[in-house]
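K.L.:
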Amino acid sequence: MVWWLIPLLATVAAWVYTRVAGAGAARVRPRPEPGSEADRRDLARLAEALSRPLPGRSDG
Numbered sequence: 002m003v004w005w006l007i008p009l010l011a012t013v014a015a016w017v018y019t020r021v022a023g024a025g026a027a028r029v030r031p032r033p034e035p036g037s038e039a040d041r042r043d044l045a046r047l048a049e050a051l052s053r054p055l056p057g058r059s060d061g
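To convert, take the position in the sequence shown, counting from 1, and add 1; that gives our numbering.
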């Protein structure tokens with residue numbers, strides 16, 4: 002009779018957790034203005050990261 006409470010409580014707990022975890026404004030990184038110096042630094046960092054091989058891969 003009480004077996005249906007477990008999935009119900011798990012669903013509600015997961016919903017509450019996602020609402021609380023997603024509400025943190027500090028978790029959102031502010032994006033730099035397009036074309037700004039910060040934007041160019043981010044793009045250069047991305048290009049440098051993409052040019053490096055993945056760790057643990059020996060493709061050559």
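Cβ coordinates follow ideal geometry from the N, Cα and C atoms, glycine included. Note that the structure is a prediction, hence the values are computed from the model and not measured.
Just to confirm, is the Cβ distance from residue 34 to residue 43 under 8 Å?
P.N.:
Against a cut-off of 8 Å, the Cβ pair of residue 43 and residue 34 comes out as no contact.
K.L.:
Say the cut is 7 Å; is the CB of residue 48 nearer than that to a heavy atom of the ligand GDP?
P.N.:
As presented, the structure is devoid of all ligands, the ligand GDP included, so that no description of it is given.
K.L.:
Where residue 49 and residue 18 are concerned, what is the direct C-alpha to C-alpha distance, given to the nearest angstrom?
P.N.:
Each residue's Cα considered, the two are about 36 Å apart.
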